[in-house]
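In what follows, a single structure is set out as structure tokens and then discussed.
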Amino acid sequence: MDINTIRMGVKKKTDTERNRFKKGLVTVVVPVYNAQQFVGENIESIINQSYQELQIIYVCDGCTDHTVEILDEYAKNDARIIVREEIHNHGAAVSRNIGMHMATGDWIIFLDADDIFDSHMIEAMLEAAVKNQADMAICFWECFEHKPDKSVLINDEMKKWCCETYPIIETKKELYQIMQIVDTSPWTKLIHKSIYTKEEVFFQDIPNANDIYYSIIAAVNSNKIVYIEKVLLHYRSSKGRPTLSADRMYGDNYVFAACDKVFDYIKHKKNRIHLLKSFYNNVFYCLYSYLGYEIYDTLFDALRNIYLDRWDMKRADIVSQLNYINRIFYKNIFDNKKEKNVQKIFMQARIEFIRELSPDGCSIWGAGFLGSNLLKEISNTDIKIQHVYDSSPDKWGKTIYGYQVEKGGNMQSDHMIVSTPQYFDDIKKQMGSSVKHVYNLELQIWKIPCEECGGTG
297 MDINTIRMGV KKKTDTERNR FKKGLVTVVV PVYNAQQFVG ENIESIINQS YQELQIIYVC
357 DGCTDHTVEI LDEYAKNDAR IIVREEIHNH GAAVSRNIGM HMATGDWIIF LDADDIFDSH
417 MIEAMLEAAV KNQADMAICF WECFEHKPDK SVLINDEMKK WCCETYPIIE TKKELYQIMQ
477 IVDTSPWTKL IHKSIYTKEE VFFQDIPNAN DIYYSIIAAV NSNKIVYIEK VLLHYRSSKG
537 RPTLSADRMY GDNYVFAACD KVFDYIKHKK NRIHLLKSFY NNVFYCLYSY LGYEIYDTLF
597 DALRNIYLDR WDMKRADIVS QLNYINRIFY KNIFDNKKEK NVQKIFMQAR IEFIRELSPD
657 GCSIWGAGFL GSNLLKEISN TDIKIQHVYD SSPDKWGKTI YGYQVEKGGN MQSDHMIVST
717 PQYFDDIKKQ MGSSVKHVYN LELQIWKIPC EECGGTG
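In this text, residue positions in the sequence shown follow this note's numbering: the first is 297, and each later residue adds one.
Here is the structure:
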């Protein structure tokens with residue numbers, strides 16, 4: 297085969313790929329049950345989008361109020377609207393699956409019947425996806441009670457810390473932390489038809505947490521994901537009607553049933569080693585999310601008594617795959633210790649990282665509130681602290697829990713822990729080359745280890 301033939305083949309493949317990612321028709325699927333109070337505002341936010349090439353599917357899930365009549369009136373005047381009426385109530389998951397099966401769009405996005413799209417949401421997400429040739433575009437969202445706040449700004453430092461290429465996510469390079477980078481809310485995700493039409497991408501038929509499986513499996517199947525760093529989705533926190541939120545927080549909770557479905561999917565994948573690392577860390581994040589709610593004890597017991605065995609999480613190498621916060625949760629579960637003080641858990645994670653960092657000790661930058669509390673905890677251990685530095689003159693020369701605070705001048709240290717994350721970049725620049733290794737402590741306790749992942753560890 298000559299070089300011109302090869303070049304033509306590459307060009308044809310590239311052109312096909314570019315043609316695949318075009319703007320085209322966007323399907324919006326809205327499951328709706330007895331939402332007459334809000335559905336008018338909801339549909340207005342869709343039909344008045346700046347991007348107009350839409351297919352709008354409302355799946356009315358056994359409604360007994362005037363929701364269907366309201367939607368039918370809109371459908372009479374807008375051919376883009378399809379009202380699918382189900383006689384019996386099946387739940388949001390089944391309704392979303394019905395709508396997804398009906399969808400003919402090049403892209404799909406979901407919305408709950410009491411929430412609102414920003415007027416430029418679809419246009420902004422579509423442009424970002426096409427420009428970056430991404431299978432999925434994700435925006436941010438805010439909660440509102442009476443009036444959406446369109447001035448909210450988002451600066452998600454955690455995602456920037458995790459992924460060096462953020463807001464572009466090359467999925468294959470980030471599989472070991474993909475569940476930490478991509479959240480599970482379906483209404484912030486615009487997904488290409490090559491993903492949402494896959495047989496394995498669907499909403500799990502459980503009363504709550506049914507979007508976990510859909511969002512994770514869609515992300516895993518994507519080649520590239522792009523974030524739009526704007527709040528474009530407005531989520532109504534005061535629903536004004538019965539919802540499943542109370543069940544999720546206080547009653548029956550299906551979050552681990554959702555995790556179990558994800559586990560069954562990824563355990564047979566070729567890249568399961570990386571995916572399982574993300575999965576194991578996500579399990580503890582799910583548990584952490586319910587700290588402060590009555591359901592926490594139930595989830596704790598289920599993880600301890602059922603799922604650690606089911607998900608093969610009692611292996612000796614599991615701890616080394618967890619971030620430092622999750623190591624504390626893991627240890628507490630084995631000790632049957634239901635520690636619910638999140639600040640105590642975070643401090644234990646900080647100490648764990650510092651202890652493992654260097655047998656010869658390290659230095660600490662920052663003697664403010666967090667730094668002082670950190671020194672207090674360290675003073676009760678055998679950890680060696682070589683120096684404590686701070687930029688405030690009023691702290692120089694003072695002794696805090698047995699450690700004298702020094703001026704950050706001629707610093708001599710192989711390992712420097714920065715306890716003030718908001719000033720990390722400036723502090724690191726100030727140190728220059730005098731310190732070999734500088735660590736953002738708050739990042740380190742959340743960071744998933746990646747020695748063998750081949751990603752941005």
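Positions of the beta carbon are idealized from the N, C-alpha and C atoms, including for glycine.
Which of helix, strand or coil does DSSP assign to aspartate 721? helix
Check whether the segment 436–451 and the segment 505–512 touch, using three or more Cβ-Cβ pairs below 8 Å as the test. no
Could I get the ranges of all uninterrupted alpha helix (DSSP H) runs contained in the segment 555–630, with 4 residues as the minimum, in chain order? 568–584, 591–598 and 620–630
If you compare alpha carbons, which of His733, Val558 and Val734 is closest to tryptophan 607? Val558
What span of residues does the beta strand (DSSP E) with aspartate 710 cover, start to end? 709–714
Given glutamine 814 as reference, the closest of Gly664, Lys703 and Gln708 once Cα atoms are compared: With the chain running from 297 to 753 in the structure shown, residue 814 is simply not present.
What did DSSP end up calling phenylalanine 440 once you bin it into helix, strand or coil? strand
At least three beta-carbon pairs within less than 8 Å, the segment 433–440 to the segment 367–376: No, the segment 433–440 does not touch the segment 367–376.
Under 8 Å: do the segment 494–503 and the segment 458–469 share three or more Cβ pairs, one atom per stretch? no
How many whole angstroms separate the CB atoms of methionine 432 and alanine 554, which I take to be in contact at a CB cut-off of 8 Å? Contact doesn't hold; Cβ gap of about 19 Å is too wide.
State the DSSP-derived secondary structure class of isoleucine 378, mapped to helix, strand or coil. Strand at isoleucine 378.
Alpha carbons only, please: which of Trp457, Tyr586, Glu648 and Ile405 is nearest the one belonging to glutamine 718? Trp457
Mapping the DSSP letters down to three states, classify threonine 360 as helix, strand or coil. Threonine 360: coil per DSSP, three-state reduction.
Here's the rule: buried if 16 or more other CB atoms are within 10 angstroms of the residue's CB, otherwise exposed. What is asparagine 344? exposed
At what residue ranges does the segment 374–422 contain a whole run of the alpha helix (DSSP H), taking only runs of 4 or more? Unbroken alpha helix (DSSP H) runs of no fewer than 4 residues, entirely contained in the segment 374–422, are found at 388–398, following chain order.
With a threshold of 6 Å on Cβ separation, who are the neighbours of asparagine 622 within its own chain once the five nearest residues in sequence on each side are excluded? Asn577 and Phe580
Given lysine 520 as reference, the closest of Ser574, Cys459, Asp548 and Glu419 once Cα atoms are compared: Cys459
Would you kindly check if the distance between the Cβ of valine 364 and the Cβ of glutamate 340 is under 7 Å? no
Mind checking who histidine 733 pairs with in its DSSP beta bridge? As computed with DSSP, histidine 733 is found in a beta bridge with His711.
Secondary structure of threonine 484, DSSP reduced to three states: helix
Taking Cβ to Cβ, would you say tyrosine 685 is nearer than 7 Å to glycine 704? Taking 7 Å as the Cβ cut-off, tyrosine 685 and glycine 704 qualify as a contacting pair.
For aspartate 548, which residues of its own chain have a beta-carbon under 8 Å away from its beta-carbon, when the five flanking residues on both sides are left out? Pro503 and Asn504
DSSP beta-bridge partners for leucine 813? One cannot answer for residue 813 here, as it falls past the ends of the chain, which runs 297 to 753.
For lysine 743, which three-state DSSP category applies? Reduced to three states, the DSSP call for lysine 743 is coil.
How about the segment 626–642 and the segment 654–663: do they share at least three Cβ pairs that are nearer than 8 Å? no
Over the uninterrupted alpha helix (DSSP H) stretch that includes serine 659, give me the two end residues. Careful: serine 659 lies outside any alpha helix (DSSP H), inside the beta strand (DSSP E) at 658–661.
Assuming glutamate 526 and aspartate 402 form a contact by the criterion Cβ under 8 Å, report the distance between their Cβ atoms to the nearest whole angstrom. Per the sequence presented here, residue 526 reads as lysine, with glutamate not at that position. Incorrect: roughly 22 Å between the Cβ atoms, too far for contact.
Using DSSP bridges, identify the partner residues of valine 328. Cys356
Pick from Phe720, Val379, Leu529 and Glu702 that is closest to methionine 421, judged by C-alpha positions: Leu529
So asparagine 428 packs on isoleucine 464, CB below 8 Å; how close in whole Å? Cβ-Cβ separation between asparagine 428 and isoleucine 464: approximately 6 Å, consistent with a contact (criterion under 8 Å).
Output needed for phenylalanine 406: all residues of its chain with C-beta closer than 7 Å, excluding positions within five of it in sequence on either side, in chain order. Val325, Arg392, Pro482 and Trp483
In the DSSP output, what is methionine 643 paired with across the bridge? None, per the DSSP bridge assignment.
Could you round the C-beta distance between valine 328 and tyrosine 347 to whole angstroms and report it? I think they count as a contact, below 8 Å. With a Cβ gap of about 22 Å, valine 328 and tyrosine 347 do not count as contacting.
With a Cβ-Cβ cutoff of 7 Å, do alanine 598 and tyrosine 620 count as a contact? no
Rounding to the nearest angstrom, what Cα-Cα distance links leucine 739 and histidine 416 in this structure? 33 Å
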